[in-house]
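Inspection log for the structure reproduced underneath, given as structure tokens.
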Amino acid sequence: MSPQIKIKESDIHPHIKARMLQRGISLAEIEETLIKGWDAGDAKEGTIGEVFVFPYKEEWEGKFFEEKEVTVYYKYKAERLVLLSAKARYGKFKKEKK
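Each residue of the sequence shown is one higher than the last, beginning at 2 in our numbering.
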């Protein structure tokens with residue numbers, strides 16, 4: 002992924018915005034995942050998945066977690082990046098390098 006990636010709020014479908022809020026994912030985390038993340042490995046054919054682990058050291062839904070793993074799924078349509086989904090897991094994770 003290109004380091005110059007910039008996603009605008011208007012680029013995000015309302016359904017994905019709702020899921021981001023529900024899952025505690027920020028637009029900045031999506032951008033950083035796309036720039037620094039590694040292959041998710043579970044993306045369906047025609048879809049790209051990137052994963053990145055962020056230091057968290059906060060509470061989420063009443064429980065303390067060291068890290069947050071963000072996975073972003075997307076594809077390109079007419080050379081334009083289209084976000085499909087974003088998910089988060091909280092815990093302690095093995096980090097990979099891109």
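The beta carbon of each residue, even a glycine, is placed where N, CA and C say it ideally should be.
Quick check on DSSP: helix, strand or coil for Glu33? Note: Glu33 maps to helix in three-state DSSP.
Is the beta carbon of Phe53 less than 9 angstroms from the beta carbon of Lys93? no
Hey, out of Ser86, Lys95, Lys96 and Glu30, whose CA is closest to Ala19's CA? Ser86
Run through the DSSP bridge pairs and tell me what Pro56 is partnered with. Glu68
Note down the Cα distance separating Leu22 from Pro15, rounded to an integer number of angstroms. Taking the straight line joining both Cα atoms gives about 11 angstroms.
Given a threshold of 16 other Cβ atoms within 10 Å of its Cβ, counted over all protein chains shown, does Val83 qualify as buried or as exposed? exposed
Closer than 8 angstroms: is that where the CB of Asp40 sits relative to any heavy atom of the ligand MN? The ligand content of the structure shown is nil, which means the ligand MN is not present either.
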